[in-house]
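Read through the structure below, which is laid out as structure tokens, and then see the notes.
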Amino acid sequence: MSGAHLGFAETAHRFDPLYRPWREGERRSYVPSDSLRFGYVWGTASPRLLYGLFSGRMRLKSTRGSSFIGKWVHVFNHDGTPCARLMLDEDAIAITVDAGDTFLFASTHSENPGVARYPLPAHLCANRRR
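The letter at position 93 of the sequence shown is residue 275 when you use my numbering, and the numbering goes up by one with no holes.
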């Protein structure tokens, strides 16, 4: 199965895969380098929109696995057109939305992890239904 790219996020950084050789005895492999930058770490969709939790963090500068979490949510319509960039008030490890694009739910990654509910703005996409 192959898919067509619908759209691309505009970011300030490149996301080239950076790996280095690894060897232990007879075992050989490649491991990510410390300068590897993570992009989308989670995604979800509603009947009208696509949501991607964006990290943008580098492996080297991350602590406690924080390269796999993010505060930014990029929103696209199903044609791949970017609709919005939303910043959460705390790091999240996973996200989902309700079917009406009214609320975004995030599994938070902090000292007191939990689930946070965020109301989505009405102007999120021009073709959004209420």
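C-beta: ideal position from N, C-alpha, C; glycine also.
Computed from a predicted structure; not experimentally measured.
In terms of residue numbering, what span does the beta strand (DSSP E) encompassing residue i cover?
i: C265; result: 264-279
i: P301; result: 297-301
i: F220; result: Element bounds for F220: n/a, residue is neither H nor E.
i: H256; result: 252-259
i: G142; result: The requested residue 142 does not occur in the structure, where the chain is confined to residues 183 to 312.
i: A288; result: 285-290
Please work out which residues of its chain come closer than 8 Å, Cβ to Cβ, to residue i, disregarding the five sequence neighbours upstream and downstream, and give them in chain order.
i: T284; result: P301, L302
Going along the chain, which residues of its own chain have a beta-carbon closer than 6 Å to the beta-carbon of residue i, five neighbours each way excluded?
i: W224; result: L235, A276, I277
i: K253; result: M269, L270, D273
Between the options, which lies nearest to residue i when the distance is taken from Cα to Cα?
i: S249; options: M269, N259, G221; result: G221
i: V257; options: T226, Y233, I251; result: Y233
i: A288; options: C307, V255, S211; result: V255
i: H291; options: A227, G238, L270, W204; result: L270
i: G185; options: I251, P229, R202, G262; result: G262
i: E272; options: R210, S237, A281; result: S237
i: L286; options: P229, R299, E206, P295; result: R299
CB-CB under 7 Å to residue i, same chain, minus the five flanking residues each way: which ones, in chain order?
i: C265; result: L231, V257, F258, N259, L306, C307
i: I226; result: Rather than Ile, the amino acid found at residue 226 in this sequence is Thr. Cβ neighbours of T226 beyond the five flanking positions: Y233, I277, T278, V279.
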